Amino acid sequence: MISRAAALLLAFSTLPLTAEVRDLKAFFQERCAVCHGPDGTGRGASGARLGGRNLAEARWLARQEEAGLVASILKGRGAMPGFRRQLSEAEAHRLVKEVLRPVAARKRP
Ligand code: HEC
160 MISRAAALLL AFSTLPLTAE VRDLKAFFQE RCAVCHGPDG TGRGASGARL
210 GGRNLAEARW LARQEEAGLV ASILKGRGAM PGFRRQLSEA EAHRLVKEVL
260 RPVAARKRP
């Protein structure tokens, strides 16, 4: 017979990652840094331009509406692919608030 604790553990381990527990900083490093750089500046470790926009430009970012940034992330924009298969709308909002805005404010993620 399976114990109550073991049953609970089993139930939780099969739950999908929810928006609350997902690490969006890690997601940025995995999926966005290839074009926007690990620090969001659009430059790689060697300083070479990668092709993505400089997201760490505080004055530019301050002028952007959250809804517009979220739409670009989900639908794509220019050379950037959309991420609506990988991110929920709530996660895209969190990514802007918790990853992009702090990156621009501190110039590092
Ligand atoms: C294949 C390269 C590439 C990847 C991967 C990529 N981007 Fe971009 N991103 C770009 C380019 C190029 C632009 C400039 C698009 C334009 O304005 O024409 C851009 C623009 C943006 C903008 C500004 C949009 C606007 O409305 O002006 C945001 C925000 C952004 N990217 C966030 C992200 C995030 C978050 C990820 C990861 C989930 C990501 N990007 C992944 C290339 C990329």
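With the first letter of the sequence shown counted as 1, position 102 gets the number 261 in the working numbering; the numbers rise by one all the way through.
Cβ coordinates follow ideal geometry from the N, Cα and C atoms, glycine included.
Bear in mind the structure is a predicted one, so any value in this text is a computation, not a measurement.
Is R244 helix, strand or coil by DSSP?
coil
By the three-class DSSP mapping on this structure, what secondary structure does R190 have?
helix
With DSSP as the reference, identify every bridge partner of R202, one or two as the case may be.
As computed with DSSP, R202 is found in a beta bridge with R208.
Provide the residue span of the alpha helix (DSSP H) that contains V262, from first to last.
In the DSSP annotation of this structure, the continuous segment of the alpha helix (DSSP H) that includes V262 starts and ends at 260-265.
Considering only C-alpha positions, which residue in the set D182, R181, E216 is nearest to G196?
E216
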